[in-house]
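Per the working numbering, the very first residue in the sequence shown carries number 239; after that it's consecutive. What follows is a short report on a single structure.
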Amino acid sequence: MYTNKKIWQVTYPILLGLLAQNVINVTDTAFLGHVGEVALGAAAMGGLLYICVYTIAFGFSVGSQILIARRNGEGNHHDVGPIMLQGSIFSFMMGLVLAVVMFLCAGPLIRMLITSDSIYETTYEFFTWRVWGFLFAFLNVMFRSFYIGITKTKVLTLGSVIMAIVNLVLDYGLVFGKLGFPEMGVKGAALASVIAEAVSMVFFFVYTYYKVDMKKYGLKRFLGFDFDIVCKILKISMFTMLQYFLSMAIWFVFFMALERLGQRELAIANIVRSVYVVLLIPVQALSTTANSLVSNLIGSGGVKKVVSLLNRIAGFSFIIMIVCVAATILFSHEILSIYTSQDSLISESVPALYVVCGSMLIASFANIYFNGISGTGNTHAALILEVGVQSFYSIYVIVVGMLLRKPVEICFTTEVIYYSLMLLFSILYLKKAKWQNKKI
């Protein structure tokens with residue numbers, strides 16, 4: 239059974255890594271918030287479109303991570319490398335194809351999704367630069383799955399810190415034309431993120447080559463493309479790929495609804511979303527830990543201890559989130575002022591931020607148990623659960639946002655409903671379903 243110390247040893251580097259990684263989101267939003275509301279809204283739409291496609295790679299890496307963790311738990315370390323190598327080749331090929339396709343289709347796709355001409359033009363500018371990040375991000379997530387799967391996560395912190403620093407410096411230089419760089423506005427924010435991802439990828443290659451026992455993990459066993467291994471990964475990951483894509487696609491529908499409410503509403507939503515993503519970091523870190531440790535635990539024969547492990551991780555998650563939510567509520571104006579100097583925009587963002595804080599308390603439990611289901615290898619069941627919850631979510635967004643045209647804070651109540659349903663169905667699944675003997 240994993241001790242509390244082991245849980246934190248795996249979690250805290252992931253948490254610090256996610257924190258550093260999300261500096262990119264915060265700095266992009268903060269810098270562009272001072273450029274103007276159009277730039278802020280365009281970065282939201284372009285960034286979400288990018289993440290929708292990126293989640294395909296992330297879902298593939300989660301499937302790889304589950305397999306890597308299972309082999310690691312079984313003690314079959316030499317089988318880890320081939321999963322990593324073949325998965326990386328396939329992921330890079332996906333990234334290349336999707337980058338080209340999305341670049342060529344960007345114009346008509348964005349025009350179909352956005353009604354405002356000014357936001358459309360700026361979103362197009364942002365996205366056609368940002369899309370080339372797929373070439374590097376699709377490899378970075380495979381390194382992430384490898385290190386989480388073997389429970390050696392400290393390197394993720396360093397990689398993310400490097401990426402965050404590069405992005406911060408380049409954002410300042412390229413958005414505003416400082417440090418000898420040209421002033422590029424939203425294009426500068428996109429280019430800064432692409433370069434930061436490229437630097438992070440180079441770091442992971444160098445670190446893995448010099449610091450990892452290549453022979454132990456079978457990282458030298460590359461004999462060309464092995465379709466059988468890729469198919470084995472896809473058998474697990476195809477459901478997580480679809481699950482994560484649908485999750486972000488629903489977010490995009492949410493922002494489409496707000497874009498139709500107006501430019502101010504879209505700006506408020508992007509600011510609140512940026513804070514939301516930062517609040518979610520501890521939960522995401524512990525959820526990732528739950529996913530990996532559950533798979534490792536089952537691989538080592540500890541299937542009866544899975545629910546107990548998830549209960550402890552969920553308890554940690556809730557305690558941390560209470561502290562984070564309390565701090566956010568107490569210092570809400572100070573936090574929101576990072577993104578804009580407009581007092582009216584700050585005041586109008588506060589109610590939506592409070593709603594998000596409420597949803598985070600539920601998310602602190604829901605995400606842990608839900609990721610525990612994926613960790614058992616039952617990614618098909620996780621997808622079915624996610625689709626069911628998201629179907630209700632999307633109907634709610636369309637009715638409340640597009641038809642009734644309710645204020646932003648009312649639209650954000652979708653998050654409360656989403657996490658409540660996810661928590662309920664995840665607990666029911668773990669208690670009632672037969673997941674204990676899943677072979678992968």
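In this text, a Cβ means the ideal position worked out from N, Cα and C, and glycines have one as well.
Original post:
Could you check where the alpha helix (DSSP H) with S546 kicks off and where it finishes?
Top reply: In the sequence shown, residue 546 corresponds to position 308, counting from 1. That run of the alpha helix (DSSP H) goes V544 to L568.
Original post:
What do you reckon, are the CB atoms on F696 and F442 nearer than 8 Å?
Top reply: The question about residue 696 has no answer here: the residues shown for the chain are numbered 239 through 678.
Original post:
How about T293 and M452: are their beta carbons less than 8 Å apart?
Top reply: Walking along the sequence shown from the start, residue 293 turns up at place 55. Walking along the sequence shown from the start, residue 452 turns up at place 214. Not a contact, by the Cβ cut-off of 8 Å.
**OP:** Would you mind giving the Cβ-Cβ distance between Y759 and A604, rounded to the nearest angstrom? I have them listed as a contact below 8 Å.
**Re:** Residue 759 lies beyond the range of the chain shown here (239 to 678); nothing can be said about it.
Original post:
Exposed or buried, E421, counting other C-beta atoms within 10 Å across all chains shown (16 or more means buried)?
Top reply: Here residue 421 is taken as the residue at index 183 of the sequence shown, counted from 1. Answer is exposed; the Cβ neighbour count stays below 16.
Subject >> Buried versus exposed, by CB contacts within 10 Å (16 or more), E572 >> reply: Reading the sequence shown from its first residue, position 334 is the one you call residue 572. Counting Cβ neighbours within 10 Å, E572 comes out exposed, since fewer than 16 surround it.
Original post:
Are at least three pairs of beta-carbons, each pair with one atom in the region 578 to 593 and one in the region 630 to 642, less than 8 Å apart?
Top reply: no
Original post:
Excluding the five sequence neighbours on either side, which residues of its own chain have a C-beta within less than 7 Å of the C-beta of G423, listed in chain order?
Top reply: If you number the sequence shown from 1, residue 423 lands on position 185. Counting only Cβ-Cβ distances below 7 Å, and skipping sequence neighbours, we find V273, A277 and V413.
Original post:
Looking only at C-alpha atoms, which of L666, P251 and L270 sits nearest to T360?
Top reply: Working through the sequence shown from its first residue, we reach residue 360 at position 122. Measuring from the Cα of T360, the nearest candidate turns out to be L270.
Original post:
Could you check where the alpha helix (DSSP H) with Y455 kicks off and where it finishes?
Top reply: Position 217 of the sequence shown holds residue 455. First-last for Y455: undefined, no H or E at that position.
**OP:** At 4 residues or longer, and completely inside the region 467 to 536: list those alpha helix (DSSP H) runs for me, N to C.
**Re:** 501 to 517
Original post:
If you draw a straight line from the C-alpha of L472 to the C-alpha of Y631, how long is it?
Top reply: Taking the sequence shown and counting its residues from 1, one reaches residue 472 at position 234. Taking the sequence shown and counting its residues from 1, one reaches residue 631 at position 393. Those two C-alpha atoms are separated by around 27 Å.
Original post:
When burial is assigned at 16 or more other CB atoms within 10 Å of the CB, is G279 buried or exposed?
Top reply: Position 41 of the sequence shown holds residue 279. Counting Cβ neighbours within 10 Å, G279 comes out buried, since at least 16 surround it.
Original post:
With 16 as the cutoff for other CB atoms within 10 Å, does L662 come out buried or exposed?
Top reply: Translated into positions along the sequence shown, residue 662 becomes position 424. Its Cβ having fewer than 16 others within 10 Å, L662 is exposed.
Original post:
According to DSSP, is P645 helix, strand or coil?
Top reply: Looking up residue 645 in the sequence shown gives position 407. If DSSP states are grouped into helix, strand and coil, P645 belongs with coil.
**OP:** Please check the pair I252 and T527, which I expect to be a contact at CB under 8 Å, by giving their CB distance rounded to whole angstroms.
**Re:** Here residue 252 corresponds to residue number 14 of the sequence shown, with the count starting at 1. Here residue 527 corresponds to residue number 289 of the sequence shown, with the count starting at 1. At roughly 6 Å, the Cβ-Cβ gap stays under 8 Å, so I252 and T527 are in contact.
Original post:
What do you reckon, are the CB atoms on S533 and G397 nearer than 8 Å?
Top reply: Translated into the one-based positions of the sequence shown, residue 533 becomes position 295. Translated into the one-based positions of the sequence shown, residue 397 becomes position 159. It is not a contact, given that the beta carbons lie outside the stated cut-off.
Subject >> Segment contact flag, the region 331 to 344 with the region 556 to 571, C-beta cutoff 8 Å, min 3 pairs >> reply: no
Original post:
So N405 is in the alpha helix (DSSP H); what residue range does that whole segment cover?
Top reply: Position 167 of the sequence shown, counted from the first residue, corresponds to residue 405. Looking at the DSSP string, the run of the alpha helix (DSSP H) that includes N405 is K392 to F414.
**OP:** Could you say if the region 549 to 562 and the region 587 to 602 meet the contact criterion of at least three C-beta pairs nearer than 8 Å?
**Re:** yes
Subject >> Buried/exposed call for T265, threshold 16 Cβ in 10 Å >> reply: Here residue 265 refers to the residue found at position 27 of the sequence shown. Buried, because 16 or more other Cβ atoms sit within 10 Å of the Cβ of T265.
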